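Let me begin by presenting the structure, written as structure tokens, before commenting on it.
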Amino acid sequence: MPLLRVEGLVAKYGNTVALHGISLEIRPGEIVALVGANGAGKSTTLKVISGLIRPAAGRVFFQDQDITGLSPAGIVKRGVIHCPEGRQVFGRMTVLENLKMGAFCRRREKNPLSELDKVLELFPVLRERQNQTANTLSGGEQQMLAIGRALMARPKLLLLDEPSLGLAPKVVTTIFEVISELNRAGSTILLVEQNARRALGIAHRAYALEVGRVMLEGPGRELLNDPRVKKAYLGEA
Ligand code: ATP
Numbered sequence: 006m007p008l009l010r011v012e013g014l015v016a017k018y019g020n021t022v023a024l025h026g027i028s029l030e031i032r033p034g035e036i037v038a039l040v041g042a043n044g045a046g047k048s049t050t051l052k053v054i055s056g057l058i059r060p061a062a063g064r065v066f067f068q069d070q071d072i073t074g075l076s077p078a079g080i081v082k083r084g085v086i087h088c089p090e091g092r093q094v095f096g097r098m099t100v101l102e103n104l105k106m107g108a109f110c111r112r113r114e115k116n117p118l119s120e121l122d123k124v125l126e127l128f129p130v131l132r133e134r135q136n137q138t139a140n141t142l143s144g145g146e147q148q149m150l151a152i153g154r155a156l157m158a159r160p161k162l163l164l165l166d167e168p169s170l171g172l173a174p175k176v177v178t179t180i181f182e183v184i185s186e187l188n189r190a191g192s193t194i195l196l197v198e199q200n201a202r203r204a205l206g207i208a209h210r211a212y213a214l215e216v217g218r219v220m221l222e223g224p225g226r227e228l229l230n231d232p233r234v235k236k237a238y239l240g241e242a
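Numbering (the working numbering), first residue to last: 6 to 242.
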């Protein structure tokens, strides 16, 4: 049974149709990549899944339950956690406060901060800087904080939007290593990336979007070697 199943999503911004009927699925334990050029509809797909945008048509099923139209808070409660593009950390709060905010949805649980040690182990730099305000971190560190904050919610499905955007190549490598490591430890991840080469390199399966439609789908490695993908997304003739 897929963990998440999206069927025929149509999304509009005013009169602009951003998604023309996207269908995809994610099985437990997978990294699934969504690749595509600027404006292909990758972020919009994530926003519909996490309830930030209501689709004009189509359905989202999580663990076989229809979650279309639930509030973002209701979707978070089910364990679908969105780590947004552009990091969006709380700049004037400390690293530790940011991480605690990630566990806000678990505040009524017995041990809402159960993931804190794991997150600080995964990102030692966050432990070192835990009392520093987030706006004093480098871009790469802020990205790690954004991922760490999402992990504090103990996601069943992690939606990662462009985690490598604007980062130096070395930091990009670290981020992709962390994503693989998280997955090996059991996390299921939907990864949106413009860095198609890297994303397809670690994804079990992938979907290539083009102006709001799925153009290709298949194992990450297969897409990496597909001449159409090479031409369109990897800058190869
Ligand atoms: P990027 O990597 O540039 O974010 P993307 O594949 O994530 O690209 P989306 O952000 O999902 O693409 O955008 C899909 C389409 O919807 C684009 O044509 C975009 O211009 C449009 N769009 C996105 N957000 C809005 C908005 N808030 N208002 C109007 N149009 C929007």
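Note that CB positions come from ideal geometry on N, CA and C, so glycine has one too.
Predicted model, so just to flag it, every value in this text is computed and none were measured.
With 16 other Cβ atoms within 10 Å as the buried cut-off, status of Phe67:
One-based indexing of the sequence shown puts residue 67 at position 62. It is buried - the Cβ of Phe67 has at least 16 other Cβ atoms within 10 Å.
Which of helix, strand or coil DSSP assigns to Ser185:
Against the sequence shown, residue 185 aligns to sequence position 180. Helix, per DSSP.
Leaving aside the five residues before and after Met149 along the sequence, list all residues of the same chain whose C-beta is less than 7 angstroms from its C-beta, in chain order.
As a first step, residue 149 must be located in the sequence shown, where it is residue number 144. These residues qualify, in order along the chain: Phe128, Val130, Leu131.
Between the alpha carbons of Ala42 and Ala237, how many angstroms are there, rounded?
In the sequence shown, the residue the question calls residue 42 occupies position 37. In the sequence shown, the residue the question calls residue 237 occupies position 232. As the crow flies, the alpha-carbon of Ala42 is around 8 angstroms from that of Ala237.
Nearest to Arg32 by CA position, among Leu9, Arg154, Pro117, His25, is which residue?
Position 27 of the sequence shown, counted from the start, is the residue given in the question as residue 32. When each option's Cα is compared against that of Arg32, the closest is Leu9.
Cα-Cα, which of Glu167, Gly145, Lys161 is closest to Ala173?
Numbered from its first residue, the sequence shown carries residue 173 at position 168. Among Glu167, Gly145, Lys161, the Cα nearest to that of Ala173 is on Gly145.
Can you determine whether any heavy atom of ligand 1 sits closer than 6 angstroms to the C-beta of Tyr18, and answer yes or no?
Looking up residue 18 in the sequence shown gives position 13. Yes; taking the cut-off as 6 angstroms, the Cβ of Tyr18 has a heavy atom of ligand 1 nearer than that.
Local conformation of Thr50 per DSSP, three classes
The residue labelled residue 50 in the question sits at position 45 within the sequence shown. Annotated three-state conformation of Thr50 is helix, per DSSP.
As a quick exercise: from Val40, Ala23, Val85, pick the residue whose alpha carbon is nearest that of Ala61.
The residue given as residue 61 occupies position 56 in the sequence shown. With distances taken between Cα atoms, Ala61 lies closest to Ala23.
For ligand 1, which residues have a Cβ under 6 angstroms from at least one heavy atom, in chain order?
Qualifying residues, in the order they occur: Tyr18, Thr21, Ala23, Gly41, Asn43, Gly44, Ala45, Gly46, Lys47, Ser48, Thr49, Gln199.
Quick one: residues in its chain with C-beta nearer than 6 angstroms to the C-beta of Thr99, no 5 flanking neighbours on either side, listed in chain order?
Residue 99 sits at position 94 when you count from the first residue of the sequence shown. Excluding residues up to 5 positions away in sequence, Asn136, Thr138 lie with their Cβ nearer than 6 angstroms to the Cβ of Thr99 in the same chain.
Could you give the residue range of the beta strand (DSSP E) that holds Ala16?
Counting from one through the sequence shown, the residue named residue 16 turns up at place 11. In the DSSP annotation of this structure, the continuous segment of the beta strand (DSSP E) that includes Ala16 starts and ends at 9 to 18.
Would you say the region 150 to 160 touches the region 81 to 93, given that touching needs at least three Cβ pairs under 8 angstroms?
Enough Cβ pairs lie closer than 8 angstroms, so yes.
Going by the DSSP bridge assignment, what does His209 pair with across the sheet?
In the sequence shown, the residue the question calls residue 209 occupies position 204. In the DSSP output, where bridge partners are listed per residue, His209 has none listed.
Have a look at Ala38, Val15, Leu118, Gly13 and flag the residue whose alpha-carbon is nearest the alpha-carbon of Leu195.
Numbered from its first residue, the sequence shown carries residue 195 at position 190. For Leu195, the closest of Ala38, Val15, Leu118, Gly13 by C-alpha to C-alpha distance is Ala38.
Between Leu239, Val219, Gly240, which has its C-alpha nearest Glu30's C-alpha?
Counting from 1 along the sequence shown, the entry for residue 30 is found at position 25. Nearest C-alpha to Glu30: Val219.
Distance between beta carbons of Leu75 and Arg154, contact taken as under 8 angstroms
Position 149 of the sequence shown, counted from the start, is the residue given in the question as residue 154. Position 70 of the sequence shown, counted from the start, is the residue given in the question as residue 75. For a cut-off of 8 angstroms, the C-beta gap from Arg154 to Leu75 is around 21 angstroms, too long to register as a contact.
Please classify Gln70 as buried or exposed, where buried requires at least 16 other C-beta atoms within 10 Å of its C-beta.
Translated into the one-based positions of the sequence shown, residue 70 becomes position 65. Exposed, because fewer than 16 other Cβ atoms sit within 10 Å of the Cβ of Gln70.
Apart from the five residues on each side of it in sequence, which residues of its chain come closer than 6 angstroms, Cβ to Cβ, to Val65?
Here the question's residue 65 lines up with position 60 in the sequence shown. Excluding residues up to 5 positions away in sequence, Val11, Ile54, Ile72, Thr73 lie with their Cβ nearer than 6 angstroms to the Cβ of Val65 in the same chain.
According to DSSP, residues forming a beta bridge with Phe128
Counting from 1 along the sequence shown, the entry for residue 128 is found at position 123. Bridge partners of Phe128 according to DSSP: none are assigned.
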